[in-house]
Structure formats: C-alpha cells, structure tokens
Amino acid sequence: MGVTLAYETWGDGPHTLLALHGFTGSGASFGHLRPLLGRSVRVVAVDLPGHGRTPLPERTGRDGFLETVDAVVQLARKLGGHVDLLGYSQGARVALGAAVQAPECFGRLIMESGSPGLHRRQERSERREADAKLVEFIRTKGVDAFVDRWEALPLFDGLRRLPDPEQVALRERRKACTAEGLAGALETLGLGVQPDYWPSLHRQRLPTLLLTGSLDVKFTTLARRMAAELPVVWRHAFDGVTHAPHLEAPEEYVREVLSFLQTPWYEAPQFEPAILAREAIHS
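Here it is, written out as structure tokens:
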C-alpha cells in the first residue's frame, strides 16, 4: 500500500512548492515563513514518516527510504505534477531521491543542507552503526533526553542565537515527536540507509539551488562538490549561519528561494551538460 504523507497547504502564489522538513521537524517547521512566502508561493508542507501525522513506512532500511521517496512522487502527481521541490537536511535527501526517480513530476529542486548520500560501503556501515546507537538511546531514554542531546550538537550552534521565543517554539516542536517515530525515522530515512545518489547527479537536469550556512563547513563543502556534478545548478552560502538557514536567516533565505523560483528557465535538454555547468554555477 505504501505510506500516505500528511500535509498542510498555505499561501496563494503561482508556484506550488512541496516542502520537506528535517529530522525532528514537521510540516510546521516552515510556518514562520508564511508572511514572507505566502503571497508568492503555494506551499505544501509535508510531515515526513515518523513525524507529525505521517506514520512510518511498512519497511525499514533502504526499502523504507524508497517507499518514502515514492510517496513524495505520488503526492506531486496528486498536486498536478511539475511542482517545485524544497527539502531541508533529511528532507533534502528525500527530495533529491524523488527528483532522481521522477524528474518529470518536478520543475525545480532546492536542497538546503543536504547530501546525495555516502559513496563508500564502509561509510554507510559506520553510519548505520552510529544511528543504531542513537535509536537505542531514543527508545531507552525518551524524547526529552534525546532533544537535549540533539540540540547540544555543534551543528546547531546558530540556533542557540535565535530569540528566546523562537528557541522555545523549536524545542516544543521537537518534543512533540514520539520516541518510536524518531527511532523509526532514523531506521528508515537515515543517511546510512539512503541510496548513493552521487552517480545520478550528472543526469539530474532539474534546475537546482543548493543552500547552506557558511559556518557549516561540512555541508558547504558537500554543496561545492555537488555543484561540480550537477548540470544546471546555483549555490549560495549564508554568511554567519550554520545548518538551518531557513531558521537562522529567514528573510535572506526567502529572497534566495523566490529569486530562484521566479527566474524564467530555458529547456535544459537542448544544451550540453558541460556548457550548462559553466554558465549556471555561481557562488
């Protein structure tokens, strides 16, 4: 039967933007962008499996990841196809999988702090082992203890500079998750079980925008590597920002997103990939 994704819709702009949140989030993770995006974009904000109102897939591991990717593709078709696709972190990895699987369903792809996967088998094995330990921690210690541990990661240093009300709201959203949902999401959507999409990047012809924070060295480096592989790509790193630009610099983030979405595009297949790469990549 597959998994059915819960979602909410807001905004009334001409573009339909399918938005996929990160780990510990939900469709509500993009709610603070409504005043900035709502007049220009119709946002379909999804709850990914194990988060919000969406149940976990029937299968775990790689099969569960692909089941989730298929659910995103099916939702895009339900929305009429050729929708734009935005994903943050975990959501960016799922978004890339959907774009690779069914590029005809999407118009543009935006990846925020995302990864195409781990290329080496040993890396995937080590990541699965690390995620398995985190899964055990979540199931034995509970959500509150996990959120304390998660928020202390250096990856999220920038979020600790948010105003207190925003930090409280973010923490409440994270604590609204269930232990089984988060554990299952790691087992289903974790980087260790994600397919390796690096070999597919050079065939990915959707116009793509890669967004990162300049202080997030790991993912900014990944974005540079991805930009060298993608035929039609733009890239931007937000100054003084870590892993979550949509939260840390929302106004600048929306300017980049709308500029990308509102740019008229040529038909990529009529150009040679090498030419596209030279003309499209910018920092």
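Reading the sequence shown from the start, the letters are residues 6 to 288 in my numbering. Heads up, the beta-carbon is just placed ideally off N, CA and C, and yes, glycines get one too. The structure displayed is predicted, hence computed values, not measured ones.
So is the beta-carbon of leucine 123 under 7 Å away from any non-hydrogen atom of the ligand MG?
Absent from the structure shown: the ligand MG. Ligands present: none.
Output the residue ranges of the alpha helix (DSSP H) runs that lie fully inside the stretch 97-159 and measure 4 residues or longer, sorted by chain position.
126-146 and 148-156
Tell me the DSSP secondary structure of valine 48 in three-state form.
In the sequence shown, counting from the first residue as 1, residue 48 sits at position 43. Strand at valine 48.
Enclosing beta strand (DSSP E) for threonine 14 [first to last residue]
In the sequence shown, counting from the first residue as 1, residue 14 sits at position 9. 11-15 is the span of the beta strand (DSSP E), which, as asked, contains threonine 14.
Considering only residues of the stretch 39-95, which uninterrupted beta strand (DSSP E) runs meet the minimum length of 3 residues and lie entirely inside it, listed in chain order?
46-52 and 88-93
Are the stretch 149-168 and the stretch 18-25 touching by the rule of at least three beta carbon pairs closer than 8 Å?
no
Report, in whole angstroms, the separation of the C-beta atoms of arginine 176 and serine 34, which I expect to be a contact under 8 Å.
Indexing the sequence shown from 1 puts residue 176 at position 171. Indexing the sequence shown from 1 puts residue 34 at position 29. No, arginine 176 and serine 34 are not in contact; Cβ-Cβ is about 13 Å, not under 8 Å.
Nearest to arginine 210 by CA position, among Glu192, Leu235, Val51 and Leu227, is which residue?
Residue numbering aside, residue 210 sits at position 205 when the sequence shown is read from its first letter. Here the closest residue by C-alpha is Leu235.
Starting from valine 222 and walking both ways along the beta strand (DSSP E), at which residues does that stretch end?
Along the sequence shown, one-based indexing puts residue 222 at 217. Note, valine 222: premise wrong, no beta strand (DSSP E); alpha helix (DSSP H) at 222-234.
Sequence-distant residues of its chain with Cβ nearer than 7 Å to histidine 37 (five each side left out)
Looking up residue 37 in the sequence shown gives position 32. Same-chain partners within the cutoff: Pro255.
So glycine 195 is in the beta strand (DSSP E); what residue range does that whole segment cover?
Numbered from 1 along the sequence shown, position 190 holds the residue referred to as residue 195. Glycine 195 -> no beta strand (DSSP E), and no H or E assigned at all.
In terms of alpha-carbon separation, which member of Ala228, Val246, Trp203 and Ala100 lies closest to leucine 160?
Reading the sequence shown from its first residue, position 155 is the one you call residue 160. Closest option to leucine 160, Cα to Cα, is Val246.
Per DSSP, what are the beta-bridge partners of valine 238 in this structure?
Residue 238 sits at position 233 when you count from the first residue of the sequence shown. In the DSSP output, where bridge partners are listed per residue, valine 238 has Thr213.
For a quick check, are the C-beta atoms of glycine 86 and leucine 101 less than 8 Å apart?
By 1-based counting over the sequence shown, the position of residue 86 is 81. By 1-based counting over the sequence shown, the position of residue 101 is 96. Going by C-beta atoms, glycine 86 is not nearer than 8 Å to leucine 101.
Which one or two residues does DSSP pair with threonine 21 in a beta bridge?
As a working note, residue 21 is residue 16 in the sequence shown. Beta-bridge pairing links threonine 21 to Arg47.
Phenylalanine 28 by DSSP, collapsed to three states: which one?
Along the sequence shown, read from residue 1 onward, the residue named residue 28 stands at position 23. If DSSP states are grouped into helix, strand and coil, phenylalanine 28 belongs with coil.
As a quick exercise: from Thr9, Arg44, Lys180 and Leu194, pick the residue whose alpha carbon is nearest that of arginine 344.
No information on residue 344 is available, as it lies outside the stretch 6 to 288 that the chain covers here.
Measure the beta-carbon distance from glycine 218 to alanine 242 and round it to whole angstroms, keeping in mind my assumption that it falls under 8 Å.
Walking along the sequence shown from the start, residue 218 turns up at place 213. Walking along the sequence shown from the start, residue 242 turns up at place 237. Right, the Cβ-Cβ distance comes to about 7 Å (below 8 Å), so this counts as a contact.
Please state the DSSP three-state secondary structure of glycine 7.
Here residue 7 is taken as the residue at index 2 of the sequence shown, counted from 1. Glycine 7: coil per DSSP, three-state reduction.
Can you tell me which of Ala104, Ile115 and Pro108 puts its alpha carbon nearest to the alpha carbon of tyrosine 93?
Here residue 93 is taken as the residue at index 88 of the sequence shown, counted from 1. Out of Ala104, Ile115 and Pro108, Ile115 has the C-alpha closest to the C-alpha of tyrosine 93.
Close Cβ partners of leucine 80 (< 6 Å) along its chain, the five nearest in sequence each way excluded:
Position 75 of the sequence shown holds residue 80. So the qualifying residues of the chain are Leu10.
Could you compute how far the alpha carbon of glutamate 301 sits from the alpha carbon of glycine 197?
A question about residue 301 goes unanswered here, because the residues of the chain that appear run from 6 up to 288.
Terminal residues of the alpha helix (DSSP H) in which alanine 174 lies
For the purposes of this step, residue 174 is identified with residue 169 of the sequence shown, where counting begins at 1. Counting along the chain, the alpha helix (DSSP H) containing alanine 174 begins and ends at 169-180.
Grab me the residues of threonine 104's own chain with a C-beta within less than 7 Å of its C-beta, minus the 5 sequence neighbours each way, in chain order.
For the purposes of this step, residue 104 is taken as the residue at position 99 of the sequence shown. Reading off the sequence, residue 104 comes out as alanine, not threonine. Cβ within range, chain order: Leu90, Phe111, Leu114, Gln209 and Leu211.
C-alpha gap between valine 46 and tryptophan 15, whole angstroms:
The residue you call residue 46 lines up with position 41 of the sequence shown. The residue you call residue 15 lines up with position 10 of the sequence shown. Roughly 8 Å separates the two Cα atoms.
Hey, glycine 27 and glycine 96: beta-carbon distance below 8 Å or not?
As a working note, residue 27 is residue 22 in the sequence shown. As a working note, residue 96 is residue 91 in the sequence shown. Yes, the pair counts as a contact, with Cβ atoms nearer than the cut-off.
Quick one: measure Cβ to Cβ for valine 238 and leucine 41, integer angstroms, because I've assumed they're closer than 8 Å.
As a position in the sequence shown, residue 238 is number 233, starting the count at 1. As a position in the sequence shown, residue 41 is number 36, starting the count at 1. Not a contact, Cβ separation roughly 24 Å.
Which residues in the same chain as aspartate 136 place their Cβ atom closer than 7 Å to its Cβ, once the five residues preceding and following it in sequence are excluded?
Taking the first residue of the sequence shown as 1, we reach residue 136 at position 131. For aspartate 136, where only same-chain residues beyond five positions count, the Cβ hits under 7 Å are Leu191, Gly195 and Gly197.
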